[in-house]
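Going left to right, the sequence shown walks through residues 0 to 257 as numbering that gives the first Met the number 0 numbers them.
Cβ coordinates follow ideal geometry from the N, Cα and C atoms, glycine included.
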Amino acid sequence: MAYKNIIVDTEDNVCLIRLNRPEAMNALNLDLLGELGEALAEAQKNDKVRACVLTGSEKAFAAGADIKMMRDKSFVDVFTEDLFTPQERAVKVFRKPLIAAVAGYALGGGCELAMTADFIIAADTAKFGQPEVNLGVTPGMGGSVRLSRLVGRAKAMDMALTGRMMDAAEAERAGLVSRVVPAKKLIEEALAAARKIAEKSAISVMAIKEMVHRADEMPLSEAVLFERRLFHAMFATEDQKEGMSAFIEKRTPHFRDR
Ligand code: DAK
């Protein structure tokens with residue numbers, strides 16, 4: 000599929016999606032988000048793809064929703080279009096692991112998009128922020144909610160109310176990102192993490208992703224029960240027998256996703 004706003008490469012069971020609107024710091028417009036949704040749907044269907052990395056450029060993962068596209072819209076426009084709801088859903092329904100590899104700015108919708116991924120690996124140049132308050136609006140794609148859950152209420156309030164940016168070191172301390180790596184190694188490290196995941200049983204990987212995401216929507220006791228039931232369900236798979244046998248026989252497991 001030929002895309003105009005993203006670049007997609009699939010190699011070694013990993014799909015690398017690069018946001019590519021350099022003239023606008025990868026600002027998220029409907030075309031770009033539409034293409035991202037299509038690329039993820041393709042990756043979902045492609046059995047060769049076992050994990051995905053989503054990245055931007057050295058300067059910007061994405062500097063937010065496209066302000067030029069939004070400025071003249073009315074309440075009626077954004078409400079009736081349900082601006083960004085289908086686009087966010089297209090990311091959330093992706094069932095394979097999605098790693099955001101962030102260098103440079105991840106602001107507003109860019110930070111929100113990164114937080115929709117399963118985890119974020121940051122370059123030491125990364126800067127995160129929810130600066131919508133500077134534009135007379137609020138976060139609108141999960142910024143206030145997901146950021147609060149990831150970094151705690153105090154820091155989320157600080158970020159969203161002042162519009163200040165958080166650098167990579169602060170983001171790692173706060174738990175927003177899983178690790179910080181030198182900018183030059185970002186893609187290599189993110190792809191290595193994705194390849195590592197791609198070696199596992201796709202069933203347990205998918206189940207882990209699902210249990211963590213579902214837990215966000217549930218009370219603790221229900222979430223732990225859901226986790227346990229999925230754990231129980233793994234005993235219906237050949238991969239559970241293979242993984243445990245390989246451990247006992249001191250060999251590498253050969254998972255078959257069954
Ligand atoms: N939108 C459109 N264009 C952008 C942009 C953006 N978000 N960010 C940067 N650009 C464009 C600039 O306009 C400039 O274009 P030209 O002037 O050359 O035509 C080009 O990218 C380079 O930017 P700068 O010249 O500003 O570059 P600097 O290095 O000086 O500064 C910066 C980089 C990232 C610090 C700065 O560009 C900046 O502050 N950008 C805006 C960041 C921002 O405010 N982001 C939040 C956007 S609001 C919703 C869901 C979600 C949202 C809304 C609704 N619903 C469900 C309804 C989300 C809202 C947002 O994300």
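query	result
Three-state secondary structure assigned by DSSP to L53	strand
Rounded C-alpha distance that separates D71 from F78	14 Å
Pairwise C-alpha distance: A193 and E221	30 Å
For A64, the residue or residues it bridges with in DSSP	L27
Whole-number beta carbon distance between M114 and R145, since they are thought to touch under 8 Å	4 Å
As assigned by DSSP and simplified to three states, the class of T9	strand
Heavy atom of ligand 1 within 8 Å of A26 beta-carbon	yes
Proximity test, E37 beta-carbon vs ligand 1 heavy atom, cut-off 8 Å	no
Per-residue DSSP class, three states only, for F127	strand
Helix, strand or coil at F234 [DSSP, three-state]	coil
As assigned by DSSP and simplified to three states, the class of F74	helix
Helix, strand or coil at R228 according to DSSP, with G and I counted as helix	helix
Touch test, the segment 176 to 196 against the segment 19 to 39, Cβ-Cβ under 8 Å, three pairs minimum	no
Alpha helix (DSSP H) runs contained entirely in the segment 79 to 120, provided each spans 4 or more residues	84 to 91, 108 to 115
C-beta atoms of P96 and G36 nearer than 9 Å	no
Cβ neighbour criterion (16 or more within 10 Å) applied to N4	buried
Reduced DSSP secondary structure (H/G/I, E/B, other) of V179	strand
Residue of E111, A125, V75, I6 minimising C-alpha distance to E57	A125
Backbone secondary structure at M158 - three-state DSSP	helix
Integer Cβ distance of V13 from A201, believed to fall under 8 Å	That pair is no contact at about 13 Å.
Check whether T54 and A1 have beta carbons under 9 Å apart	no
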